[in-house]
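Worksheet for the structure shown next.
Number of protein chains: 2
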Amino acid sequence: MTDERTYDVVVVGAGSTGENVADIVVRGGLSAALVEAELVGGECSYWACMPSKALLRGTEAIAAARGVSGASAAVTGEQDVQATLARRDSFTSSWSDDGQAQWVAGAGIDLVRGSARLDGERVVVVTGADGTETRLAATHAVALCTGSEAAVPPVEGLRDVDPWTPREATSAKEVPGRLVVIGGGYVGCEMATAWSALGSTVTVLERGERLLANAEPVAGDAVAAALRGAGVDVRLGAAVQSARREGTEVVVTVSDGDGPAEEIRGDQVLVAAGRRARTHDIGLETVGLEGRGYLDVDESLQVRGVPWLYGVGDVNGRALLTHMGKYQARQAGAAIVARATGADVDLSAWSPFVATADTEAVPSVVFTDPQVASVGLTAARAAESGRPHRVVEYPLGNVAGSSLHRDGYEGTAIAVVDTEREVLLGVTFVGPDVAELLHSAVVAVAGEVPLARLWHAVPAYPTMSEVWLRLLETWRG
Amino acid sequence: MTDERTYDVVVVGAGSTGENVADIVVRGGLSAALVEAELVGGECSYWACMPSKALLRGTEAIAAARGVSGASAAVTGEQDVQATLARRDSFTSSWSDDGQAQWVAGAGIDLVRGSARLDGERVVVVTGADGTETRLAATHAVALCTGSEAAVPPVEGLRDVDPWTPREATSAKEVPGRLVVIGGGYVGCEMATAWSALGSTVTVLERGERLLANAEPVAGDAVAAALRGAGVDVRLGAAVQSARREGTEVVVTVSDGDGPAEEIRGDQVLVAAGRRARTHDIGLETVGLEGRGYLDVDESLQVRGVPWLYGVGDVNGRALLTHMGKYQARQAGAAIVARATGADVDLSAWSPFVATADTEAVPSVVFTDPQVASVGLTAARAAESGRPHRVVEYPLGNVAGSSLHRDGYEGTAIAVVDTEREVLLGVTFVGPDVAELLHSAVVAVAGEVPLARLWHAVPAYPTMSEVWLRLLETWRG
């Protein structure tokens, strides 16, 4: 027997993106069902942002205190690894979603647990754990917020060694003795930083010539140097050829293209080599779409060619970050409500219904030491885009606030200036504890605040934010 | 015999403000003399911002590490007080201005050491330590950047006990056993925080009903609670009636208006009860101005009625903060250069020649624990101004980034919104380590970024900056 229900909006996937779409449409007066096969709250709450930052924060706080002569004398002990793991568990609510399910109910959203598949126009069929089926019909819209999942590259034997994905790396209950990390992107770098500080002997294998390939080059260089300083074996230009288990050991074969292949042995291997859309097996073919890859959406996150269908968050591949998923959820939610009520939907840049920041102002922080905080275009991306621009750089350690913050502070600030409009296209900060500096750049970039006005945005002395003044002075020459 | 020289511009006072005026006009192609009677670099470098933050940073870093379960286990020792004092000394270059004098020379500015007095139109007479006189004639402008000094209130006996002013409090070579602080403004609160953490038994006497009277009320309340938690005796509504010495002790008599006066004994007393302009004894009367009080200047920092004379920095009383003095220096310097070269000087708001931020966007950070970081109008000032506004408040501890940062994080974010223009009039953050969050608010306020656009300025997750999203959601309701 199939239960049949009708809602204004059916949201598939109850990660932070889906939760926010459902919340916005309900606040807008529509009814909504929210479907989830795993934990309500999704990747970020249980297997990404929250646990990874909880694993890193203690290390970061200790480094900050050790870096200040006078304070360093107080740091005579070691981090309590069990306490840090317990703290991580508390931030994931020990992987229970009771609190989030309660929030969903309180928000007036109907939670439907099970696996969802589209079944033709405006219909979603949910199969519960017990095999029961619920057929959800959507009057106005279906929002697919199924997110992304770790991609395991097609390396011989790699799947068979049962590698960690970011999920296992963030939720591990014990510190691995030797950890081999495949991939030097932000997940690989953060997990190498975290587990190394907690006692693992870590090797990072990055195929390219640099860590953090999408960031300004100075970022990857600084993080590589710091990881090496912390005892991590960072190998660049390292192509993984195969993997196998020998007893409890994992053996990874690596080639740097020149010499003979080398074997690296570990107790665990983490594959942090990119993500892919979770679009397989959700019935896309029943509505005339190809059943794989990222969803192709317009600026209001509406799937092109299917006006009642939205693809919001990681699933559209525009910007695979929790905060961008939530942002898209607000914009798409507003568009869904407006269209349902017959209101105008302004599709021009920066309107309340479009996700313009996805292309112009995506912020991200890599919580390594040094941290890497960036928004908008890097110099390389600006060059690719063909926009007229100039790159302005300033050593963050030359700012009084930085040297007060940590002895011998080293860091870099880079601004990419649109020379035609004299606004910022992008900003990157590399250095210890720069995470909270970033939002100033986000406001400047997303706000398209002219440089002439930024001279009036005076940084408080002596904070690290004074680097803004130095960047402007460097720009002026 | 008097040495006579002529410059395009004569700058009186080589604190950071005067240094910046001289630098800007020299970069603009003018010649400049810079006169200083004390240390080149001024108050901020030797007796204010730099040493006070150096005294506080170790305490702050230790508190941050102690506040993270897991990390706290590593903090088993105590701060090394001597190392902290030595670190403070290094940030003041042990009160030597060699480095700064070298910078001045390198910038092409002529440094003239001695006490300066105006001597009629466009003339400054400098008396050196050896009694020699130098007569400096200015072709275009004289900029008075003499700053401010600690005011000692007219309390019976107070001057006679030889109290600390902020200068002595920031440069002390030893930790006082018992320190009595008169004044609960930002200097009193910072010095109470610093010296208490370094071992002093501290009493704070504040005449008003709250610490940090100019900030949002929640700020003073939070700082008072924290100081008390750290063992500081904070007395509000405490009027100091008299002071006297008894042997090595200082005895301060205090009344709370109700009961009998009480005697408080200490080893040292710090008077942190406001500042006054350093305008006495600089010859203002020779150019037809009254010889005391803050200089009355226009938006380009030109003294009203005396077109060749500028009053820049603390001396004009507009915003007594190092970074605002430097800002004014940039704006006034640009105006001086423009006027000297016959260029147009646009006096409209936010032009390169006016200090609009002095009234619209003054940022300040109080480096207590919790820190208080604010820009623009408080709710109270907005009400006084008569501008249509609404106050939006959000508990900073509810943000994921804050609870990751410190266990049990407590804090508050307050935004004052102009309901007519839908831009921010002011923002205050109260909480541990909020200093670097401030510049995002400075850019938003000085940039007059509309709230509609701020929705597109996405905070990176999970940083404390996510509070921006919560403030916007609270505003929307």
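The listed protein sequences derive, respectively, from chains A and B. Here the first sequence is numbered in UniProt numbering, starting from 1 and rising by one per residue. Here the second sequence is numbered in UniProt numbering, starting from 1 and rising by one per residue. We put the beta carbon where it would ideally sit given N, CA and C, even for glycine.
Is residue i close to chain A? Criterion is C-beta to C-beta, closer than 9 Å.
| i | result |
| --- | --- |
| TRP324 of chain B | It should be noted that the sequence gives Met, not Trp, for residue 324 of chain B. Closer than 9 Å to some Cβ of chain A, the Cβ of MET324 of chain B qualifies, so yes. |
| GLN79 of chain B | yes |
| TRP455 of chain B | yes |
| PRO462 of chain B | yes |
| GLY58 of chain B | yes |
| CYS44 of chain B | yes |
| GLU436 of chain B | yes |
Work out the CA separation of residue j and residue i for me, nearest whole Å.
| i | j | result |
| --- | --- | --- |
| LEU347 of chain B | GLU299 of chain A | 41 Å |
| ALA172 of chain A | VAL251 of chain A | 20 Å |
| ALA141 of chain B | ARG122 of chain B | 7 Å |
| HIS456 of chain B | GLY426 of chain B | 19 Å |
| GLY157 of chain B | VAL240 of chain B | 11 Å |
| GLY259 of chain A | ARG235 of chain A | 14 Å |
| ASP433 of chain A | TYR310 of chain A | 37 Å |
| THR203 of chain B | VAL315 of chain B | 31 Å |
| ASP369 of chain A | TRP47 of chain A | 21 Å |
| ARG87 of chain A | VAL21 of chain A | 30 Å |
| ASP89 of chain B | ARG292 of chain B | 34 Å |
| LEU118 of chain B | TRP308 of chain B | 12 Å |
| GLY185 of chain A | GLY237 of chain A | 13 Å |
| GLU190 of chain A | ALA446 of chain B | 35 Å |
| GLU78 of chain A | ALA71 of chain B | 8 Å |
| GLY229 of chain B | ASN398 of chain B | 22 Å |
| VAL125 of chain A | GLU133 of chain A | 7 Å |
| ALA14 of chain B | MET324 of chain B | 15 Å |
| VAL287 of chain B | THR2 of chain B | 21 Å |
Contact criterion: CB-CB distance below 9 Å. Does residue i meet it with respect to chain B?
| i | result |
| --- | --- |
| ALA452 of chain A | yes |
| GLU394 of chain A | Note that residue 394 of chain A corresponds to Tyr in the displayed sequence, not to Glu. No, TYR394 of chain A does not count as interfacial toward chain B. |
| LEU471 of chain A | no |
| MET191 of chain A | no |
| TRP350 of chain A | yes |
| VAL75 of chain A | yes |
| LYS173 of chain A | no |
| PHE91 of chain A | yes |
| GLU422 of chain A | no |
| TRP468 of chain A | yes |
| THR356 of chain A | yes |
| ASP98 of chain A | no |
DSSP three-state call for residue i: helix, strand or coil?
| i | result |
| --- | --- |
| LEU437 of chain B | helix |
| ALA380 of chain A | helix |
| TYR7 of chain B | strand |
| THR165 of chain A | coil |
| GLN82 of chain B | helix |
| GLN363 of chain A | Correcting the residue type first, residue 363 of chain A is Pro in the shown sequence and not Gln. Three-state result, PRO363 of chain A: strand. |
| ALA150 of chain B | strand |
| GLY313 of chain B | helix |
| VAL458 of chain B | coil |
| SER348 of chain B | coil |
| GLY70 of chain A | coil |
| ARG228 of chain A | helix |
| PHE91 of chain B | helix |
| PRO217 of chain B | helix |
| LEU212 of chain A | coil |
| GLU60 of chain B | helix |
| VAL75 of chain A | coil |
| GLY106 of chain B | helix |
Can you pull the chain E residues whose beta carbon is under 7 Å from the beta carbon of residue i, in chain order?
| i | result |
| --- | --- |
| ILE109 of chain B | The displayed structure is made up of protein chains A and B, and chain E is not among them. |
### Query
If you scan the segment 230 to 306 of chain A from start to end, which runs of the beta strand (DSSP E) of 3 or more residues do you find wholly inside it?
Fully enclosed beta strand (DSSP E) runs of 3 or longer: 233 to 236, 239 to 246, 249 to 255, 262 to 266, 268 to 271 and 275 to 277.
### Segments assigned beta strand (DSSP E), at least 3 residues, entirely inside the segment 24 to 55 of chain B
Whole beta strand (DSSP E) segments, 3+ residues: 32 to 36.
#### Entry: Inter-stretch contact at 8 Å, needing at least 3 Cβ pairs: the segment 385 to 393 of chain B / the segment 192 to 199 of chain B
No, the segment 385 to 393 of chain B is not in contact with the segment 192 to 199 of chain B.
### Query
On the three-pair Cβ rule with 8 Å, is the segment 401 to 408 of chain B touching the segment 351 to 367 of chain B?
At 8 Å Cβ cutoff, the stretches do not touch.
### Task
Determine contact between the segment 461 to 472 of chain A and the segment 3 to 12 of chain B, defined as no fewer than three beta-carbon pairs at a distance below 8 Å.
Counting Cβ pairs under 8 Å, fewer than three are found: no touch.
### Query
Are the segment 327 to 340 of chain B and the segment 158 to 170 of chain B touching, with three or more C-beta to C-beta distances below 8 Å?
Pairwise C-beta distances place the segment 327 to 340 of chain B out of contact with the segment 158 to 170 of chain B, as fewer than three of them are shorter than 8 Å.
### Query
Per the contact definition of three or more C-beta pairs closer than 8 Å, is the segment 54 to 67 of chain A in contact with the segment 412 to 428 of chain A?
Touching, no, given that fewer than three Cβ pairs across the two stretches are closer than 8 Å.
### Message
Does the structure place the segment 208 to 219 of chain A close enough to the segment 145 to 163 of chain A that three or more beta carbon pairs sit under 8 Å?
### Response
No, the segment 145 to 163 of chain A is not in contact with the segment 208 to 219 of chain A.
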